[in-house]
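Note sheet for the following structure.
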Amino acid sequence: MFKIVNSRKYISDLEVLRAWTKENGFIYPSSEIYGGFSAVYDYGHLGYLLKENIKRNWEKSVVHSRNDMVLLDSAIFMHPKTWHASGHVSNFSDILIENKKTNIRYRADHVVEDWLSKKTDQELEYFCTKTAKKNIQEMIKKRDLDKSTPEEIYEVMKITDFPDLENFTKPRTFSLMIKTNLGITDGTIDNDNAVFPRAETCQGIYLNFKNVLQTYRLKIPFGIAQTGKAFRNEIIARQFIFRTREFEQMEMQYFLHPNDMNSKFEEWKNLRLDWYVNELGISPSNLRLKKHEKLAHYASQAFDIEYKFESLSGYKELEGIHARGDWDLSSHSKMSGENMEYYDQQRNEKYIPHVLETSVGLNRCVMMLIEENLYEEEFINNEKDKNTAIDKRIVLKIKKNLAPIQVAILPLSKKPELIHKTLEIQQQLRNRFITSYDETGSIGKRYRRQDEIGTPYCVTVDFDSLEDNCITIRNRDDMTQIRVPISEIQSYLMFD
Ligand code: ATP
């Protein structure tokens, strides 16, 4: 029996995470042979499988476990008017400042908030005496510059003695939309005919609202869900996969009567929070709900679900839950001329449905799951004598049904008859499980490799297997081993 004597989280900062994900084939920097490409990442075999498992799990929870949801896979490109109607072309921007010496760009609100977080309450009180403007005083006191204008941020910087201010450009807006052209012949960008790779997946849902409603004969309340890529011209490109210029979202838009918004909002907020705990296995103490104090003009309430990222020094957003009123469907109705009203038979009332949105970042979930579950452990083998040395392993204790590889199949040695038997067993298990085969290195090293990538079970075939038709199943979490008949392997492989 093995006894774990010490266990601690492995990810201490972003660099450790970045190195681990690359070394273990989960995530690679994009275009590395050309020196890399800022804020874009590629997913290897294991990273891809993990991402797909999260996506499937989300889909099961949000769509397949209910009768009021359907899926959609809309295109990345939409009519450019979509982004005018949604307000993205005029409003979807962050505020940029740039260090003139280093040419490093920053999101102005974030660096100034960081600066204010280092100040004591008394210091902030003092800064507030330097201005009579209530809005500026509020920003300073609350250390919150969300939705502030470039001018307001600049004023806060001046009042609070922001260091090295003269070496920064003045804050200015920076559009997050990526622009391109379709069908051009000479490669020059024609701004008047620009198209935008989608900045969020939900716009495709609004554009298809009527199609889906009619073809699936749905009644309000119902929801449309979709997963897929989104593209943003992000300013900050130094947070690994937390903030990238190409990323994946899992979004759900729930259409309802305005009177039902409050009760449904509570319901979805709880459902979504439960998903992280019950389905992804995240400790509730690492999650929190953050209420938006400043709301978009059309929104009635908004919350973020945040995770305490050790690598990013604190709580950061994973998901937004928003009550968006009828703004989306109304704007598209105005811009397109299409009537988006719904006739509610039960209420005998015509109205534009209101939208409740839940929007998760898939890549951020990958990052969270690795951070939450990767442990460095020390253990001893109790069966050996007491002087036995302490052994070490790195283990990804991810929920078994989310593990990229479910079962590793290992021959004890490279003898052809063992390899033959092992591959035969793998073939049987392939129908139900994602498996991998490994014959290189000592069996101990191979167990360590599988522990590190989170494989819940190893099936080891030894010379006795050729005689007694039994194999050994090793469990990742407690390292216990049991010998079972080959014909019964599947009943021992439990996935939560
Ligand atoms: P943030 O405040 O972090 O920029 P946001 O509020 O702009 O995020 P939303 O527009 O609400 O984000 O998008 C929904 C989700 O999509 C976010 O909660 C996040 O998980 C994910 N997401 C948004 N932008 C990015 C990005 N650049 N890279 C990775 N994931 C992202």
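The numbering used here puts the sequence shown at residues 30 to 525. Even for Gly, the Cβ is constructed at its ideal location relative to N, Cα and C. Only a predicted model underlies this, so the values are computations on that prediction, with no experimental measurement involved.
Practice item. Would you list the one or two residues that DSSP bridges to S122? Key: Answer is S204.
Check your understanding: Which whole-angstrom value is the C-beta distance of M397 and L347, which I expect to be below 8 Å?
Key -> About 7 Å; that satisfies the 8 Å criterion.
Review point. Can you tell me whether E229 is buried or exposed, with buried defined as 16 or more other CB within 10 angstroms of its CB?
Key: Its Cβ being crowded by 16 or more others within 10 Å, E229 is buried.
Check your understanding: Can you check whether the CB of N53 is closer than 7 Å to the CB of I482?
Key -> It is a contact, given that the beta carbons lie within the stated cut-off.
**Study point:** Distance, E453 Cα to Y521 Cα
**Key:** The straight-line gap from Cα to Cα measures roughly 18 Å.
Review point. Smallest Cα separation from D373: which of Y63, R246, L316, E180?
Key: R246 is the residue among Y63, R246, L316, E180 whose C-alpha sits nearest the C-alpha of D373.
Check your understanding: Count the other CB atoms within 10 Å of the CB of Y63; is the residue buried (16 or more) or exposed (fewer)?
Key -> Exposure of Y63 is indicated by the presence of fewer than 16 other C-beta atoms within 10 angstroms of its C-beta.
Check your understanding: So does T273 have its beta carbon nearer than 6 Å to some heavy atom of the ligand ATP?
Key -> T273 Cβ: within cutoff of the ligand ATP.
Review point. In its own chain, which residues sit with a C-beta less than 6 Å from the C-beta of D420, not counting the 5 before and 5 after it?
Key: Excluding residues within five positions, the ones whose Cβ falls inside 6 Å are F408.
Review point. So what does DSSP say about H139, is it helix, strand or coil?
Key: DSSP places H139 in helix when its eight states are reduced to three.
Review point. Which of the three DSSP states, helix, strand or coil, is assigned to D303?
Key: Correct three-state label for D303: helix.
Review point. So the alpha helix (DSSP H) Y235 belongs to, where does it begin and stop?
Key: Membership of Y235 in the alpha helix (DSSP H) is indicated by the continuous run 231-236.
Check your understanding: Y336 to K450, Cα distance in whole Å?
Key -> Y336 and K450 have their C-alpha atoms some 45 Å from each other.
Review point. Between I249 and the rest of its own chain, which residues show a CB-CB distance below 7 Å, the 5 nearest in sequence each way excluded?
Key: Once the five neighbours on either side are set aside, the close Cβ partners of I249 are F284, L285, H286, Y371, D373, P382.
Review point. So, helix, strand or coil for V69, using DSSP?
Key: Per DSSP, reduced to three states, the secondary structure at V69 is coil, with no helix or strand assignment.
Point to revise | Inter-residue spacing [alpha-carbon to alpha-carbon] between L324 and A331 | key: Cα-Cα distance, rounded: 7 Å.
Check your understanding: Can you tell which of P179, P514, D493 has its C-alpha closest to the C-alpha of R201?
Key -> When each option's Cα is compared against that of R201, the closest is P179.
Review point. So is D190 buried or exposed if we call it buried at 16+ other beta carbons inside 10 Å?
Key: The residue in question, D190, is exposed, as its Cβ has fewer than 16 Cβ neighbours within 10 Å.
Review point. My guess is that Y135 and I264 are in contact by the Cβ rule of under 8 Å, so how many angstroms apart are they, rounded?
Key: Indeed, because the Cβ distance is near 7 Å, the residues count as touching under 8 Å.
Point to revise | Integer-rounded CB distance, given that M98 should sit under 8 Å from G252 | key: With a Cβ gap of about 5 Å, G252 and M98 count as contacting.
Review point. Would you call P433 buried or exposed, if buried means 16 or more other Cβ atoms sit within 10 Å of its Cβ?
Key: Burial call: buried.
Review point. Roughly how many angstroms lie between the CA atoms of D102 and R393, to the nearest whole one?
Key: Their Cα atoms are separated by approximately 21 Å.
Review point. CA-CA distance, K199 and K187?
Key: Here the C-alpha atom of K199 lies approximately 11 Å from the C-alpha atom of K187.
Check your understanding: Helix, strand or coil: how does DSSP classify D221 here?
Key -> In the three-state DSSP reduction, D221 falls in the helix class (H, G or I).
Exercise for review: Can you check the segment 393-419 for any beta strand (DSSP E) of at least 3 residues that lies completely inside it and give the ranges in chain order?
Suggested key: With a minimum length of 3 residues, the continuous beta strand (DSSP E) runs that stay inside the segment 393-419 are 403-410.
Review point. Are K428 and T256 closer than 7 Å when you measure CB to CB?
Key: Not a contact, by the Cβ cut-off of 7 Å.
**Study point:** C-beta contact flag for N411 and K32 at 7 Å
**Key:** In terms of Cβ geometry, N411 and K32 form a close pair [threshold 7 Å].
Review point. Between which two residues does the beta strand (DSSP E) containing H74 stretch?
Key: Taken as a continuous stretch (DSSP letters only), H74 belongs to no beta strand (DSSP E), being part of the alpha helix (DSSP H) at 74-88.
Check your understanding: What is the rounded straight-line gap between the Cα of P514 and the Cα of E339?
Key -> Cα to Cα, P514 sits roughly 44 Å from E339.
Review point. Would you say the beta carbon of G390 comes nearer than 6 Å to a heavy atom of the ligand ATP?
Key: Yes, since a heavy atom of the ligand ATP falls inside the 6 Å radius drawn around the Cβ of G390.
Check your understanding: Going by Cα to Cα distance, which pick from K258, I169, N299, W297 is closest to V141?
Key -> It is I169 whose Cα lies nearest to the Cα of V141.
Check your understanding: Which value, in whole angstroms, describes the spacing of the CA atoms of L205 and F121?
Key -> Cα to Cα, L205 sits roughly 6 Å from F121.
Check your understanding: Taking Cβ to Cβ, would you say V224 is nearer than 7 Å to L211?
Key -> Yes, they are a contact pair.
Exercise for review: Return yes when at least one heavy atom of the ligand ATP lies under 6 Å from the C-beta of F225, else no.
Suggested key: No, since every heavy atom of the ligand ATP falls outside the 6 Å radius drawn around the Cβ of F225.
Review point. Quick one: Cα of I172 to Cα of L145, how far?
Key: Ile is not the amino acid found at residue 172; the sequence shown has Arg there. Rounded to whole angstroms, the separation of the alpha carbons of L145 and R172 is 6 Å.
Check your understanding: What separation, rounded to the nearest whole angstrom, lies between the Cα atoms of G233 and M107?
Key -> Distance between the alpha carbons of G233 and M107: 7 Å.
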